[in-house]
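Chemist:
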Amino acid sequence: MTAYRTLDDLGDLHGKVAMLRADLNVPMDENFHVTNTARIDRTVPTIKELMKRGAKVVVISHFGRPEGKGDMKNSLSHIVGDLQKSLGHKVVFVDDCIGPKVEEAVKNMKNDEILLLENLRFYNEEKKGDEAWAKELVKPADVYVSDAFSTAHRAHASMVAAVKERPAAFGLLMAEEVNALSKGLNDPKRPLMAIVGGSKVSTKLDLLNNLVKKVDKLVISGGMAHTFMKATGIDTVNEANSLVQMDMLDTAKEIMATAKANNCKIVLPLDVVVSKEFKPMAEHKTVDLEHIPAEGWSLLDVGDKTIATINAEMDGCSTLVWNGPLGVFEMKPFDNATNKVAEHAAELTAAGKLMSVAGGGDTVSALANAGVENKFSYISTAGGAFLEWMEGKELPGVAVLKK
Ligand code: AMP
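Under my numbering, the first residue of the sequence shown is numbered 184, with each subsequent residue one higher.
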């Protein structure tokens, strides 16, 4: 496995100023109340560890999509209270992230407090990856700690240029995430299974093309499976009853051919749940593929035979990587397949037989809905970065910390 720089590589931190690039991009309501503190809570162990090692900690992050400096709606000042509560130490807020105000505040820092600087994206230079600006940013810091995996797929100034300016390392969160993801795809214990669901093939082409070359078994489910089913000659699937993308049939065939050439077994639905309407608890039935009604019903989930097959295939696997729900999990009972397969993965994980990694957008909510959010080996809350990693791309914010 590739080795990356971690906190231990930074040496003794007593009396040093550690600048910590965190992900504090938390959801907030219109009254500026944080509605989910998960990202704050997950950052706290790295802050505490740096404090324990004797460092003075200066935390930086992006937040929302500001339209320039002074956009108070997107000020990180709104999270001071929650960060303070979760950390148990005083948090001093500075309403800028570079310049004399910051340098002054760092000089005046007391041992038992930390600094939180204003939103990095108040400066366009952050997104542009501006090197001169990054030099200004790190001016008050002796060492730099990168802990925002969710932005690791972007070569923003605080993710790459700033890292190169100081002795730098992954924070605990980033180290944990990269370690889990490496075990999932880069250096997995085999056999390795991937489950890919979600709505459309067109959004997951790079991901599928990468997976068929790496995994031993690939389960394709959700709306995107409809295109693959049609491509294998299941003529009952059509545009009136499914999400089939007729312009993607050749692409689906090519992906299946690549899979075959790479000894990757593709598992497609064997039966489906069709529903009269697109709403919760709508009239529905499970049918075999040859009995899918031509119109008046939509394919919203996969059926029991498919669930049993996926779970049986999983039994022989040592590693699972999962992105995308198997059906329309937002509406009961069309979350059934996602839930049953997730529960099975959780049981195998608890028994020590499976290393399970999941992530990317809706997958986190789908697995939370299944009640397994704490029962997988690792669930990544990073959306884009997780998907790019599944696509086999090198993430600039990770690569920069290679040893
Ligand atoms: P994605 O963002 O591509 O991972 O897609 C997630 C979305 O796919 C969720 O909102 C699901 O409701 C949706 N989805 C999964 N299976 C189906 C299906 N059979 N028909 C329609 N939408 C689906």
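Glycine residues also receive a C-beta, built at the ideal position from the N, C-alpha and C atoms.
1. Nearest to Gly479 by CA position, among Ala465, Ala491, Val485, is which residue?
2. Would you say the beta carbon of Glu513 is closer than 7 Å to some non-hydrogen atom of the ligand AMP?
3. Assuming Thr502 and Pro371 are in contact, meaning their beta carbons sit under 8 Å apart, how far apart are those beta carbons, in whole angstroms?
4. Rank Ala477, Thr434, Leu482, Ala495 by C-alpha distance to the C-alpha of Lys400 and give the top, closest one.
5. Roughly how many angstroms lie between the CA atoms of Ser382 and Asp471, to the nearest whole one?
6. Can we count Pro249 as close to the ligand AMP, meaning its CB is less than 7 Å from some heavy atom?
7. I'd like the span of the beta strand (DSSP E) that includes Ile281, first residue to last.
8. For Asp484 versus Gly510, is the C-beta distance shorter than 8 Å?
9. Check whether the region 222 to 232 and the region 387 to 399 touch, using three or more Cβ-Cβ pairs below 8 Å as the test.
10. Measure from the alpha carbon of Ile449 to the alpha carbon of each residue in Met514, Leu355, Thr492, then state which is nearest.
11. Just the C-alpha distance for Leu259 and Phe246, rounded to the nearest angstrom, thanks.
12. With respect to the beta strand (DSSP E) encompassing Gly264, which residues constitute its N-terminal and C-terminal limits?
13. Relative to the C-alpha of Thr185, which residue among Val361, Thr441, His261 is closest?
14. Taking contact to mean 3 or more Cβ pairs, one atom from each stretch, closer than 8 Å, check whether the region 208 to 221 and the region 258 to 276 are in contact.
15. Decide if Asn424 is buried, meaning its Cβ has at least 16 other Cβ atoms within 10 Å, or exposed.
16. Would you say the beta carbon of Leu545 comes nearer than 7 Å to a heavy atom of the ligand AMP?
17. Exposed or buried, what is Asn208 when buried is set at 16 or more other beta-carbons lying within 10 Å of its beta-carbon?
18. I'd like the span of the beta strand (DSSP E) that includes Asp471, first residue to last.
19. Where does Val420 sit, in a helix, a strand or coil, going by DSSP?
20. Taking just the CA atoms, how far does Met573 sit from Arg204?
21. Note down, in chain order, each residue of its chain lying with its Cβ closer than 7 Å to the Cβ of Glu319, except the 5 sequence neighbours on either side.
22. Go through the region 208 to 246 residue by residue and report every complete run of the alpha helix (DSSP H) that reaches 4 residues or more, in order.
23. Let me check you understand the geometry: is the CB of Lys199 closer than 7 Å to at least one non-hydrogen atom of the ligand AMP?
24. Taking Thr334 as the reference, give the member of Arg222, Pro463, Val524, Asp545 with the closest Cα.
25. Let me check you understand the geometry: is the CB of Ser563 closer than 7 Å to at least one non-hydrogen atom of the ligand AMP?
Modeler: Taking the structure as given:
1. Ala465
2. yes
3. 4 Å
4. Ala495
5. 21 Å
6. no
7. Ile281 -> no beta strand (DSSP E), and no H or E assigned at all.
8. yes
9. no
10. Thr492
11. 7 Å
12. Note, Gly264: premise wrong, no beta strand (DSSP E); alpha helix (DSSP H) at 263 to 270.
13. Val361
14. yes
15. buried
16. The question names Leu, but residue 545 is Asp in the sequence shown. Yes, the beta carbon of Asp545 sits closer than 7 Å to at least one heavy atom of the ligand AMP.
17. buried
18. 467 to 471
19. coil
20. 23 Å
21. Ile281
22. 221 to 235
23. no
24. Arg222
25. no
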